[in-house]
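Counting from 3, one number per residue, gives the positions in the sequence shown under the numbering used here.
Working notes, beginning with the structure itself.
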Amino acid sequence: MDRVIMLIDGQSFYASIEKASRPDLKDRPVAVGDPERKSGIILAACPIAKARGVTTAGRVGEALAQCPDLVVLRPRMQTYITVSMFITEIFESFTDLVEPYSIDEQFLDVTGSIGYFGTPEEMARRIQRRVLLSTGVWARCGIGPTKILAKMATDNFAKKRPEGIFKLGADNIESVLWPLPVHQMFMVASRMTRHFIRMGLPTIGDIARLELGDFKRRMRKEMGKQSDIQAEYYWQTARGIDPSPVVPSIRNKLKSVSHGKTLRSSLYRKLEDIEVVLLELVVEVCRRSRRWGYMGRVVSVGAAETDGTHSASFNRQVTLPQPTSLSHEVAAAASGIFRKYWSGLPVSHLHISLTDLTDDSVFQLTLFDDRVKAYRLERAIDEIKDRYGSAAIMRTSSLLKAGVARERAEQIGGHYK
Numbered sequence: 003m004d005r006v007i008m009l010i011d012g013q014s015f016y017a018s019i020e021k022a023s024r025p026d027l028k029d030r031p032v033a034v035g036d037p038e039r040k041s042g043i044i045l046a047a048c049p050i051a052k053a054r055g056v057t058t059a060g061r062v063g064e065a066l067a068q069c070p071d072l073v074v075l076r077p078r079m080q081t082y083i084t085v086s087m088f089i090t091e092i093f094e095s096f097t098d099l100v101e102p103y104s105i106d107e108q109f110l111d112v113t114g115s116i117g118y119f120g121t122p123e124e125m126a127r128r129i130q131r132r133v134l135l136s137t138g139v140w141a142r143c144g145i146g147p148t149k150i151l152a153k154m155a156t157d158n159f160a161k162k163r164p165e166g167i168f169k170l171g172a173d174n175i176e177s178v179l180w181p182l183p184v185h186q187m188f189m190v191a192s193r194m195t196r197h198f199i200r201m202g203l204p205t206i207g208d209i210a211r212l213e214l215g216d217f218k219r220r221m222r223k224e225m226g227k228q229s230d231i232q233a234e235y236y237w238q239t240a241r242g243i244d245p246s247p248v249v250p251s252i253r254n255k256l257k258s259v260s261h262g263k264t265l266r267s268s269l270y271r272k273l274e275d276i277e278v279v280l281l282e283l284v285v286e287v288c289r290r291s292r293r294w295g296y297m298g299r300v301v302s303v304g305a306a307e308t309d310g311t312h313s314a315s316f317n318r319q320v321t322l323p324q325p326t327s328l329s330h331e332v333a334a335a336a337s338g339i340f341r342k343y344w345s346g347l348p349v350s351h352l353h354i355s356l357t358d359l360t361d362d363s364v365f366q367l368t369l370f371d372d373r374v375k376a377y378r379l380e381r382a383i384d385e386i387k388d389r390y391g392s393a394a395i396m397r398t399s400s401l402l403k404a405g406v407a408r409e410r411a412e413q414i415g416g417h418y419k
């Protein structure tokens, strides 16, 4: 039996949550961003704001110039995460196969629920009502036999219909999906669009109707011999072929633990200032590693440098004698890498990662360091931070002007909680 998969998307997710909590803004244009930073970006805009020319990812200042009565609200990331998890619980009352795709999009495999809840369209309407009444968010639902068709049904059709529901399958893929411009195919951005246009394939159907061998030959001519895997992926996408299951999980086995920070290069010209941030990133990477039960043997450091005229970057790694998630061990390696490869230009971005991960339930003892005591101390600090917040205990260096840990403690994903 064909699978029945839904991709459900929350319309203007952040802005919808804000308007639901502020009834006085029901008929006002609302956007989510930092109202104090005119150069900051708009994270979300409600339909009223979009109708007046406000665009997501546009600048706050530009949005206010386009729509002078726009209400710009500071983001509350923890609230959005909490609402997203609550919506997941709503979905789980319809099926146990729920896979978060992003904070506002989730896949549902409802194949086994059809007999109880009715047709896919009836089930989608029930889900829409539950989500709207519970959170104030209007959900749009794409339905298909594969995840890829459900996603394209949502993005290209459900979002543009007042009922917010569209079913895409073998009976209508050729008539409704294939005539669309190729840039509306999933995972086709501007660069790939240019390749397809040069190949004489301006629509999704132009790709889908080709034999795979013929499409691969065209791709090789346009992009080189290494393009066979890409060719097969895009050919299958155009035809809606996608065997991947809906997996009720948001995390596969970790391959790396990393953390990065974009910096104002004008403020990070000196090594002592840069190393403050470097240490803060190491502390967070090691904390995350311990939380997930891992330690790593390979430490990587990446940096972008610029003085406004000249630019440079590097990404280098070192293998440690034994796996670790102890901050002082990782920090020593990271500092050594940075000092060796930094060209001396102001730094605009830093990135730390720990790879070659292993289970941290067993670790190597050494003759000269009490690693058992060090792990106990770091895990005690982790418990304090988990209970009272990341700013409850931190290194003294983070109190310096160069430190960013206090600011980051008030944020999630670079945005305020």
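Glycine included, C-beta positions come from ideal geometry on N, C-alpha and C.
Only a predicted model underlies this, so the values are computations on that prediction, with no experimental measurement involved.
Exercise for the section: Tell me whether the beta-carbon of residue 400 lies closer than 8 Å to the beta-carbon of residue 282. Expected result: Counting from 1 along the sequence shown, the entry for residue 400 is found at position 398. Counting from 1 along the sequence shown, the entry for residue 282 is found at position 280. Contact: yes.
Problem - First through last residue of the alpha helix (DSSP H) which encompasses residue 239 - result: One-based indexing of the sequence shown puts residue 239 at position 237. Membership of residue 239 in the alpha helix (DSSP H) is indicated by the continuous run 230-240.
Problem - Meets three-Cβ-pair contact criterion under 8 Å: the segment 317-333 and the segment 291-298 - result: Three or more pairs of CB atoms, one per stretch, sit closer than 8 Å, so the segment 317-333 contacts the segment 291-298.
Practice task
Report the residue from 169, 226, 339 and 387 whose alpha carbon sits nearest the alpha carbon of residue 7.
Solution key: Numbered from 1 along the sequence shown, position 5 holds the residue referred to as residue 7. When only C-alpha atoms are compared, the closest one is 169.
Handout entry: Among 109, 47, 280 and 91, the one whose alpha carbon lies nearest that of residue 333
Key = Here residue 333 refers to the residue found at position 331 when the sequence shown is read from its first residue. Of the candidates 109, 47, 280 and 91, the one whose C-alpha sits nearest the C-alpha of residue 333 is 280.
Exercise for the section: Compute the Euclidean distance between the alpha carbons of residue 178 and residue 221, then round it to the nearest angstrom. Expected result: Translated into positions along the sequence shown, residue 178 becomes position 176. Translated into positions along the sequence shown, residue 221 becomes position 219. One C-alpha to the other measures close to 25 Å.
Exercise for the section: Measuring alpha carbon to alpha carbon, tell me which of 171, 381, 243 and 218 ends up nearest residue 232. Expected result: For this step, residue 232 is matched to residue 230 along the sequence shown. Residue 232 has its Cα closest to that of 218, out of 171, 381, 243 and 218.
Problem - Alpha carbon of residue 308 to alpha carbon of residue 339, nearest angstrom - result: Position 306 of the sequence shown holds residue 308. Position 337 of the sequence shown holds residue 339. Using only the alpha carbons, I get a separation of about 19 Å.
Practice task
Check whether the segment 233-246 touches the segment 134-150, taking contact to mean three or more Cβ pairs, one atom from each stretch, closer than 8 Å.
Solution key: Because the criterion of three Cβ pairs below 8 Å is met, the segment 233-246 and the segment 134-150 touch.
Handout entry: Buried versus exposed, by CB contacts within 10 Å (16 or more), residue 306
Key = For this step, residue 306 is matched to residue 304 along the sequence shown. Buried: at least 16 other Cβ atoms inside 10 Å.
Problem - Run of the alpha helix (DSSP H) containing residue 49, from where it starts to where it stops - result: Numbered from 1 along the sequence shown, position 47 holds the residue referred to as residue 49. Residues 49-53.
Practice task
Please classify residue 317: is it buried, with 16 or more other beta-carbons within 10 angstroms of its beta-carbon, or exposed?
Solution key: Here residue 317 refers to the residue found at position 315 of the sequence shown. Residue environment for residue 317: exposed (fewer than 16 other C-beta atoms within 10 angstroms of its C-beta).
Problem - Per-residue burial, residue 372 [other beta carbons within 10 Å of its own, 16 or more giving buried] - result: For the purposes of this step, residue 372 is taken as residue 370 along the sequence shown, with counting starting at 1. Around the beta carbon of residue 372, a 10 Å sphere encloses fewer than 16 other beta carbons of the protein chains shown; the residue is thus reported as exposed.
Practice task
In angstroms with no decimal places, state the Cα-to-Cα distance between residue 14 and residue 20.
Solution key: Walking along the sequence shown from the start, residue 14 turns up at place 12. Walking along the sequence shown from the start, residue 20 turns up at place 18. Computed Cα separation, rounded: 10 Å.
Practice task
Quick one: measure Cβ to Cβ for residue 12 and residue 139, integer angstroms, because I've assumed they're closer than 8 Å.
Solution key: Along the sequence shown, read from residue 1 onward, the residue named residue 12 stands at position 10. Along the sequence shown, read from residue 1 onward, the residue named residue 139 stands at position 137. About 4 Å separates the two Cβ atoms, so the contact holds.
Practice task
Would you mind giving the Cβ-Cβ distance between residue 46 and residue 17, rounded to the nearest angstrom? I have them listed as a contact below 8 Å.
Solution key: Mapped onto the sequence shown, residue 46 falls at position 44. Mapped onto the sequence shown, residue 17 falls at position 15. Confirmed, Cβ separation roughly 4 Å.
Practice task
Please work out which residues of its chain come closer than 7 Å, Cβ to Cβ, to residue 195, disregarding the five sequence neighbours upstream and downstream, and give them in chain order.
Solution key: As a first step, residue 195 is located in the sequence shown; it is residue number 193 there, counting from the start. Here the set comprises 184 and 185.
Handout entry: Pair within 8 Å by beta-carbon distance, residue 160 and residue 144
Key = In the sequence shown, residue 160 corresponds to position 158, counting from 1. In the sequence shown, residue 144 corresponds to position 142, counting from 1. Yes.
Handout entry: Nearest candidate by alpha-carbon position, reference residue 52, set 42, 31 and 61
Key = Here residue 52 refers to the residue found at position 50 of the sequence shown. That would be 31, whose Cα lies nearest to the Cα of residue 52.
Handout entry: Assigned secondary structure, residue 177 (DSSP; H/G/I helix, E/B strand, else coil)
Key = Working through the sequence shown from its first residue, we reach residue 177 at position 175. Residue 177 falls in the helix class under three-state DSSP.
Exercise for the section: Identify whether residue 170 lies in helix, strand or coil by the three-state DSSP scheme. Expected result: Your numbering for residue 170 matches position 168 in the sequence shown. Coil, per DSSP.
Exercise for the section: State the start and end residues of the unbroken alpha helix (DSSP H) segment that holds residue 288. Expected result: By one-based count along the sequence shown, residue 288 stands at place 286. Membership of residue 288 in the alpha helix (DSSP H) is indicated by the continuous run 273-293.
Handout entry: Helix, strand or coil at residue 336 according to DSSP, with G and I counted as helix
Key = Numbered from 1 along the sequence shown, position 334 holds the residue referred to as residue 336. It is helical.
Exercise for the section: State the CB to CB distance for the pair residue 122 and residue 112, rounded to an integer number of angstroms; the pair is presumed to be in contact (CB under 8 Å). Expected result: Residue mapping note: residue 122 aligns to position 120 of the sequence shown, counting from 1. Residue mapping note: residue 112 aligns to position 110 of the sequence shown, counting from 1. Contact between residue 122 and residue 112 holds: CB atoms are separated by about 7 Å, below the 8 Å threshold.
Practice task
Taking only runs that begin and end inside the segment 104-151, name each unbroken beta strand (DSSP E) of 3 or more residues, in chain order.
Solution key: Taking only runs of at least 3 residues, the beta strand (DSSP E) segments lying wholly in the segment 104-151 are 107-111 and 141-146.
Practice task
Scan the segment 18-96 and note each continuous beta strand (DSSP E) run of 3 residues or more that stays entirely inside, going in chain order.
Solution key: Runs of the beta strand (DSSP E) inside the segment 18-96: 32-34 and 73-75.
Problem - Euclidean distance between Cα positions of residue 23 and residue 234 - result: Here residue 23 refers to the residue found at position 21 of the sequence shown. Here residue 234 refers to the residue found at position 232 of the sequence shown. Each residue's CA atom was taken as its position, placing residue 23 and residue 234 some 46 Å apart.
Practice task
With DSSP as the reference, label residue 306 as helix, strand or coil.
Solution key: Here residue 306 refers to the residue found at position 304 when the sequence shown is read from its first residue. Strand.
Practice task
Quick one: give me the first and last residue of the beta strand (DSSP E) that residue 263 is part of.
Solution key: Locating residue 263 in the sequence shown gives position 261, counting from the first residue. Unbroken beta strand (DSSP E) run through residue 263: 258-264.
Handout entry: Spatial neighbours of residue 329 in its chain, beta-carbon cut-off 7 Å, leaving aside the 5 residues before and after
Key = In the sequence shown, counting from the first residue as 1, residue 329 sits at position 327. The residues are 284, 285, 288 and 380.
Exercise for the section: Tell me whether residue 217 sits in a helix, a strand or coil according to DSSP, three-state version. Expected result: Numbered from 1 along the sequence shown, position 215 holds the residue referred to as residue 217. Three-state result, residue 217: helix.
Handout entry: Any 3 or more C-beta pairs closer than 8 Å across the segment 69-78 and the segment 33-41
Key = The segment 69-78 is in contact with the segment 33-41.
Exercise for the section: Please report how far the alpha carbon of residue 376 lies from the alpha carbon of residue 390, in whole angstroms. Expected result: As a working note, residue 376 is residue 374 in the sequence shown. As a working note, residue 390 is residue 388 in the sequence shown. If you draw a straight line from the Cα of residue 376 to the Cα of residue 390, it comes to about 21 Å.
Exercise for the section: Locate the alpha helix (DSSP H) running through residue 395, then write down its first and last residues. Expected result: For the purposes of this step, residue 395 is taken as the residue at position 393 of the sequence shown. Premise fails: residue 395 is in no alpha helix (DSSP H) and is neither H nor E.
Handout entry: Selection from 207, 251, 268 and 250 that minimises the alpha carbon distance to residue 239
Key = Within the sequence shown, the letter at position 237 stands for residue 239. Nearest to residue 239 by alpha-carbon distance, out of 207, 251, 268 and 250, is 207.
Practice task
Give the secondary structure of residue 441 by DSSP, where H, G and I count as helix, E and B as strand, and everything else as coil.
Solution key: Here the chain has residues from 3 to 419 only, and residue 441 is not among them.
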